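Below is one structure, written out as structure tokens, with a few remarks after it.
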Amino acid sequence: MVKRMIVKIDEKKCTGCGKCVAPCAEGAIKIINGKAKVVSEELCDGMGFCVGICPEGALSVEERYTVEFNREKAEAQPKQKDISIKCFSCGANEATSYLIPLRHNMQSLWVCTRCLPKLIHG
Ligand code: SF4
Ligand SMILES: [Zn+2]
Numbered sequence: 012m013v014k015r016m017i018v019k020i021d022e023k024k025c026t027g028c029g030k031c032v033a034p035c036a037e038g039a040i041k042i043i044n045g046k047a048k049v050v051s052e053e054l055c056d057g058m059g060f061c062v063g064i065c066p067e068g069a070l071s072v073e074e075r076y077t078v079e080f081n082r083e084k085a086e087a088q089p090k091q092k093d094i095s096i097k098c099f100s101c102g103a104n105e106a107t108s109y110l111i112p113l114r115h116n117m118q119s120l121w122v123c124t125r126c127l128p129k130l131i132h133g
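With the first letter of the sequence shown counted as 1, position 121 gets the number 132 in my numbering; the numbers rise by one all the way through.
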């Protein structure tokens, strides 16, 4: 056991929408019985990329004792494709563009790096 950063899921807030599953590059999150679950803590690197994606605020990252992150196993996980991940502005997907998670008006959105400057500069 090591003390490190790892994701925490608030089951009361989670609606099971599944938006956090594909963005987790390590494949650590799955929906089980309608709730997001960390299937194996050794797959979570604690980077917290999922945190901004959850529309319900159910995800956070905390420091606690757990198993060490297993990079080899994480990289060997089947990669999840999700066609719902696309730029809200132009519709570009992750195959052609770099996408960044965004929060606006209580919504979790994706934006591509081409459309992002328009949001910054208006
Ligand atoms: S994005 Fe949030 S509400 Fe949706 S399944 Fe994941 S933890 Fe649950
Ligand atoms: Zn775009």
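Heads up, the beta-carbon is just placed ideally off N, CA and C, and yes, glycines get one too. Keep in mind it's a predicted model, so treat the numbers as computed, not measured.
### Query
Going by other Cβ atoms of all chains shown within 10 Å of its Cβ, with 16 needed for buried, is residue 95 buried or exposed?
exposed
### Query
Which of the three DSSP states, helix, strand or coil, is assigned to residue 112?
strand
### Query
Looking only at DSSP bridge pairs, what is residue 73 linked to?
17
### Closest Cα partner of residue 118 within the set 53, 48, 65
65
### Query
What's the call for residue 106, buried or exposed, on a 16-neighbour Cβ count within 10 Å?
Looking at its Cβ environment, which holds fewer than 16 other Cβ atoms inside 10 Å, residue 106 is exposed.
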